[in-house]
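Take 1413 as the starting number for the sequence shown in this note's numbering and just add one per residue. We put the beta carbon where it would ideally sit given N, CA and C, even for glycine.
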Amino acid sequence: MAYVITEGCTKDELCIEACPVDCIAPKTGDPRFEEETQLYVHPDDCIDCGACVPVCPTGSIMPLESVPPEMASYIEKNAAYFQ
Ligand code: SF4
Ligand code: SF4
């Protein structure tokens, strides 16, 4: 299980600051930061702590099992970033 970043992400990186295991990417300075329209959670490295959820101003982060059907594509989108 892992958390997933879905629609609305503004790339403000607040979740990166909150994550204790550094599993959210890309970060400012990474060439991919400018290319990507949102940030992503590494599906294997996430420890399901939930620390990123309350700091996200857009409510974009949710546990895998809570992702609604219309946002299901974000699950693969998060995983694909790290492949
Ligand atoms: S749930 Fe915890 S480990 Fe997973 S992305 Fe959020 S802060 Fe990082
Ligand atoms: S805190 Fe929310 S809006 Fe900000 S970068 Fe993370 S997922 Fe995107």
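Those residues that have a beta carbon less than 6 angstroms away from any non-hydrogen atom of ligand 1 are, in order along the chain, Tyr1415, Ala1430, Cys1431, Val1433, Cys1435, Ile1436, Val1453, Cys1458, Ile1459, Asp1460, Cys1461, Gly1462, Ala1463, Cys1464.
Around the beta carbon of Thr1422, fewer than 16 other beta carbons lie within 10 angstroms, which makes this residue exposed.
Assignment of Pro1475 by DSSP, reduced to helix, strand and coil, places it in the strand class. Relative to ligand 2, Val1467 has its C-beta within less than 7 angstroms of a heavy atom. As the crow flies, the alpha-carbon of Tyr1415 is around 24 angstroms from that of Gly1441. Ile1459 sits in coil when the DSSP states are folded into three classes, being neither helix nor strand. Contact annotation, Thr1418 with Tyr1493: C-beta distance approximately 13 angstroms; criterion of less than 8 angstroms not satisfied. Val1416: member of the beta strand (DSSP E) spanning 1415-1417, first to last residue.
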